[in-house]
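K.L.:
Protein chains in written order, with our numbering: chain A, 885 to 1204; chain B, 13 to 264.
#1: With distances taken Cα to Cα, identify the nearest neighbour of residue 1155 (chain A) among A:942, A:904, A:903 and A:1077.
#2: Can you tell me whether residue 264 (chain B) is helix, strand or coil according to DSSP?
#3: Spell out whether any CB of chain A is found under 8 Å from the CB atom of residue 94 (chain B).
#4: Could you work out which residue in A:936, A:1035 and A:1153 is closest to residue 1127 (chain A) when comparing CA atoms only?
#5: Can you say whether residue 39 (chain B) is buried or exposed, counting buried as having 16 or more other CB atoms within 10 angstroms of its CB?
#6: Just to confirm before moving on: does the CB-CB distance between residue 1089 (chain A) and residue 96 (chain B) stay below 8 Å?
#7: Can a CB atom of chain B be found closer than 8 Å to the CB of residue 1010 (chain A)?
#8: Three-state secondary structure (DSSP) at residue 875 (chain A)?
#9: Check whether the region 180-200 of chain B touches the region 29-38 of chain B, counting contact only when three or more Cβ pairs, one atom from each stretch, lie closer than 8 Å.
#10: At 7 Å on the CB atoms, spell out the chain B contacts of residue 1200 (chain A), in chain order.
#11: Run down chain A in chain order and give the residues with a C-beta less than 7 Å from the C-beta of residue 103 (chain B).
#12: Kindly indicate which three-state DSSP category residue 211 (chain B) falls into: helix, strand or coil?
#13: Give the straight-line distance between the Cα atoms of residue 1091 (chain A) and residue 105 (chain B), rounded to the nearest whole angstrom.
#14: Rounded to the nearest angstrom, what separates residue 264 (chain B) and residue 217 (chain B) at their Cα positions?
#15: Who are the neighbours of residue 1089 (chain A) on chain B, taking C-beta pairs under 9 Å?
#16: What does the alpha-carbon distance come out to for the pair residue 83 (chain B) and residue 62 (chain B)?
#17: Take residue 973 (chain A) and list the residues in its own chain whose beta-carbon comes closer than 6 Å to its own, dropping the five residues that flank it on each side.
#18: So which residues of chain B does residue 955 (chain A) contact, with C-beta pairs closer than 7 Å?
#19: Going by beta carbon distance, what residues of the same chain come within less than 7 Å of residue 1031 (chain A), once the five residues before and after it are set aside?
#20: Are the C-beta atoms of residue 1112 (chain A) and some chain B residue less than 8 Å apart?
#21: Is it buried or exposed, residue 261 (chain B), if we count other Cβ atoms within 10 angstroms and call 16 or more buried?
#22: Can you list, in chain order, the residues of its chain whose CB lies under 7 Å from that of residue 1105 (chain A), leaving out five sequence neighbours each side?
#23: Which residues in chain C have a C-beta closer than 7 Å to the C-beta of residue 1096 (chain A)? List them in chain order.
#24: Residue 167 (chain B) lies in the beta strand (DSSP E); which residues open and close that run?
#25: Assign residue 903 (chain A) to one of three DSSP states: helix, strand, or coil.
#26: How do the region 1135-1146 of chain A and the region 918-938 of chain A stand: do at least 3 beta-carbon pairs fall below 8 Å, yes or no?
#27: Work out the CA separation of residue 1180 (chain A) and residue 983 (chain A) for me, nearest whole Å.
#28: Does any residue of chain B bring its CB to less than 8 Å from the CB of residue 1093 (chain A)?
#29: Residue 1066 (chain A) by DSSP, collapsed to three states: which one?
#30: DSSP state of residue 245 (chain B), grouped into three classes?
#31: From this set, B:251, B:160, B:228 and B:221, which residue's C-alpha is nearest residue 237 (chain B)'s C-alpha?
#32: Which residues in the same chain have their Cβ closer than 7 Å to the Cβ of residue 241 (chain B), if we skip the five residues on either side of it in sequence?
#33: Measuring CB to CB, does residue 1017 (chain A) end up less than 8 Å from residue 1008 (chain A)?
#34: Quick check for students: name the residue ranges of the alpha helix (DSSP H) that lie wholly in the region 52-98 of chain B, counting only runs of 4 or more.
#35: Between residue 54 (chain B) and chain A, is the shortest Cβ-Cβ distance under 8 Å, so that the two count as touching?
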């Protein structure tokens, strides 16, 4: 294990118990547990913390793999069109009124993500060209975005409209173990696929031709990326809506602590993503805000935009 | 032990090229822009599948080899020199070990040998962003050497290098050929090909226009026909210089 991995594991070991205590109702770890506190812990905070860890890990590792694949430190997993695809599926479940069923929303979202993945694979073809792949992803993202807007504008009832808009903003509030069981296995398999792509991503550092000369099969790599990103991002959107910027920020912050190879960034990014989402969700919970709590997706975007700006300014300074 | 291409055809780029390359030689591929040099090199490296024809490595069709096995046999140095992340020299050279699964000790040793061969020992920990152009070219070359290939295929490895670095790399190519590697270089500079190659293959519009010892393949008649330029060679074997322009007293 490398130093960043150990450091992050230690930080997680500290942050997870602390996060369980924090919230609208603070739990005193030294006092005997009241039955109500036990309910809050087991049914509200534990699943919520587990979900933050799972989603953060998925977003972080997907971002790291994505930046390695596109050889671009500004790449974000949202570019692939999988998150908008999943969101479109979720929106359709509200639109059709099926979302009243507890299983319908995640299933619709996963079908949306799978549809986007299949479309990506179909358009990008078997050649495994990164350029074609990126363009296909952007095309799918804009198509899904347009269809989503269409669904919203033709929304059958004002109630569905407000449901859709609220859901799209991304949050972990009011989630249960049900959502954890949906997202956790998908995310774990997804991270496994991304880790398996690590060696090929390292070779891709030298460009596509050199990577192939090192024995990389571009088609296999692309399949691993579609599967890995699809499961981590699709699974996450299905249970929590769209949460941006984690996949962009986390690998960026960690890269200086690794030797620069994409394979060495995937697992640390998963851990750091988990940590970031856990802390951010805690802060959302604690912040006193009139009319409810700050939504996680909004909070991270508020955090992410200035981060992106700093990055851009630094790049501008480095450019001749 | 040959690397051979048979009737290679690739729309608009290769127009029926057949050749057999022997290891232990420095082989230069020359030709005007657009003649198909890079396409031929990439085909021989197994990176482009020709529309028809076949590349054979030691008698086996390259297309049937598992990619990892092909990668262990053929090292390919692309022209662009891209490295996406700011790796250290040692990490970059270590990427050359990706096709191998022989354990960390073997990897370390191969990396060490490559670093030593290119005199990069003192720069091992330095990030690429802080290397000069010549150091960077050496590090990229060491990356290929770390893969211990039997064939080294390099696309314009000497472009953008100053004289001293060109000579140092050429000495490396010569030493590798002496160790029995097949060294195939795409070269723009005809004088470098003339003085440092054992064999020169001249391409013109996707076909072989001349092939043989440098003196024969790059004679004035071929240069006039292929490059559409009047030129003649001055000097002695191994130290020839190309003089461009019409001449009254034709030197043989």
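Even for Gly, the Cβ is constructed at its ideal location relative to N, Cα and C. Being a predicted model, the structure only gives us computed values, none of them experimental.
P.N.:
Let me spell this out:
#1: Position 271 of the first chain, counted from the start, is the residue given in the question as residue 1155 (chain A). Proximity to residue 1155 (chain A) across A:942, A:904, A:903 and A:1077 peaks at A:942, based on C-alpha coordinates.
#2: To locate residue 264 (chain B), count along the second chain from 1; it is residue 252. Unreliable placement is indicated for residue 264 (chain B), whose pLDDT of 49 sits below 50; the coordinate value is still reported in the next sentence. Three-state DSSP puts residue 264 (chain B) in coil, outside helix and strand.
#3: If you number the second chain from 1, residue 94 (chain B) lands on position 82. Interface residue, yes.
#4: Along the first chain, read from residue 1 onward, the residue named residue 1127 (chain A) stands at position 243. The shortest C-alpha separation from residue 1127 (chain A) is found at A:936.
#5: Here residue 39 (chain B) refers to the residue found at position 27 of the second chain. Buried, because 16 or more other Cβ atoms sit within 10 Å of the Cβ of residue 39 (chain B).
#6: For the purposes of this step, residue 1089 (chain A) is taken as residue 205 along the first chain, with counting starting at 1. For the purposes of this step, residue 96 (chain B) is taken as residue 84 along the second chain, with counting starting at 1. Against a cut-off of 8 Å, the Cβ pair of residue 96 (chain B) and residue 1089 (chain A) comes out as a contact.
#7: Counting from 1 along the first chain, the entry for residue 1010 (chain A) is found at position 126. For residue 1010 (chain A), the nearest beta carbon of chain B is not closer than 8 Å to its own beta carbon.
#8: This structure gives no information on residue 875 (chain A), because the portion of chain A shown stretches from 885 to 1204.
#9: By the C-beta criterion, the region 180-200 of chain B is judged to be in contact with the region 29-38 of chain B, since at least 3 inter-stretch pairs fall below 8 Å.
#10: Counted from its first residue, the first chain places residue 1200 (chain A) at position 316. Against chain B, the beta carbon of residue 1200 (chain A) has no neighbour under 7 Å; the closest one sits roughly 17 Å away.
#11: Here residue 103 (chain B) corresponds to residue number 91 of the second chain, with the count starting at 1. Result: 1143, 1144 and 1145.
#12: Position 199 of the second chain holds residue 211 (chain B). The DSSP-derived three-state label of residue 211 (chain B) is strand.
#13: Position 207 of the first chain, counted from the start, is the residue given in the question as residue 1091 (chain A). Position 93 of the second chain, counted from the start, is the residue given in the question as residue 105 (chain B). About 15 Å.
#14: For the purposes of this step, residue 264 (chain B) is taken as residue 252 along the second chain, with counting starting at 1. For the purposes of this step, residue 217 (chain B) is taken as residue 205 along the second chain, with counting starting at 1. Because the pLDDT at residue 264 (chain B) is just 49, under 50, the model does not fix this residue reliably, and the point stays unresolved.
#15: Here residue 1089 (chain A) refers to the residue found at position 205 when the first chain is read from its first residue. Those within 9 Å of residue 1089 (chain A) in chain B are 94, 95, 96, 97, 99, 104 and 107.
#16: Within the second chain, numbered from 1, the residue matching residue 83 (chain B) stands at position 71. Within the second chain, numbered from 1, the residue matching residue 62 (chain B) stands at position 50. A direct Cα-to-Cα measurement between residue 83 (chain B) and residue 62 (chain B) gives close to 18 Å.
#17: Walking along the first chain from the start, residue 973 (chain A) turns up at place 89. The answer, listed in chain order, is 992, 993, 995 and 996.
#18: Position 71 of the first chain, counted from the first residue, corresponds to residue 955 (chain A). Counting only Cβ-Cβ distances below 7 Å, residue 955 (chain A) has contacts in chain B at 96, in chain order.
#19: As a position in the first chain, residue 1031 (chain A) is number 147, starting the count at 1. Taken in chain order, the residues that qualify are 972.
#20: Here residue 1112 (chain A) is taken as the residue at index 228 of the first chain, counted from 1. Not an interface residue.
#21: Locating residue 261 (chain B) in the second chain gives position 249, counting from the first residue. Only weak support is given to the placement of residue 261 (chain B): the predicted model assigns it a pLDDT of 49, under 50, and the value that follows is read from those uncertain coordinates. Its Cβ having fewer than 16 others within 10 Å, residue 261 (chain B) is exposed.
#22: If you number the first chain from 1, residue 1105 (chain A) lands on position 221. Leaving aside the five residues that flank residue 1105 (chain A) on each side, the residues in its chain whose CB is nearer than 7 Å to its CB run, in chain order, 1012, 1081 and 1084.
#23: In the displayed structure, chain C is absent; the protein chains listed are A and B.
#24: Counted from its first residue, the second chain places residue 167 (chain B) at position 155. DSSP places residue 167 (chain B) in the uninterrupted beta strand (DSSP E) bounded by 163-167.
#25: Locating residue 903 (chain A) in the first chain gives position 19, counting from the first residue. In the three-state scheme derived from DSSP, where H, G and I count as helix and E and B as strand, residue 903 (chain A) is classed as helix.
#26: No, they do not touch.
#27: Counting from one through the first chain, the residue named residue 983 (chain A) turns up at place 99. Counting from one through the first chain, the residue named residue 1180 (chain A) turns up at place 296. The alpha-carbon atoms of residue 983 (chain A) and residue 1180 (chain A) are separated by roughly 21 Å.
#28: Taking the first chain and counting its residues from 1, one reaches residue 1093 (chain A) at position 209. Yes, contact with chain B.
#29: Numbered from 1 along the first chain, position 182 holds the residue referred to as residue 1066 (chain A). Helix.
#30: Against the second chain, residue 245 (chain B) aligns to sequence position 233. In this structure, DSSP gives residue 245 (chain B) an extended state, which the three-state scheme calls strand.
#31: Working through the second chain from its first residue, we reach residue 237 (chain B) at position 225. With distances taken between Cα atoms, residue 237 (chain B) lies closest to B:221.
#32: Looking up residue 241 (chain B) in the second chain gives position 229. Hits under 7 Å: 235 and 256.
#33: On the first chain, position 133 is the one that residue 1017 (chain A) refers to. On the first chain, position 124 is the one that residue 1008 (chain A) refers to. Cβ atoms of residue 1017 (chain A) and residue 1008 (chain A): closer than 8 Å.
#34: Unbroken alpha helix (DSSP H) stretches of 4 residues or longer found wholly inside the region 52-98 of chain B: 79-85, given in chain order.
#35: Translated into positions along the second chain, residue 54 (chain B) becomes position 42. Taking Cβ atoms only, chain A reaches closer than 8 Å to residue 54 (chain B), which makes this a yes.
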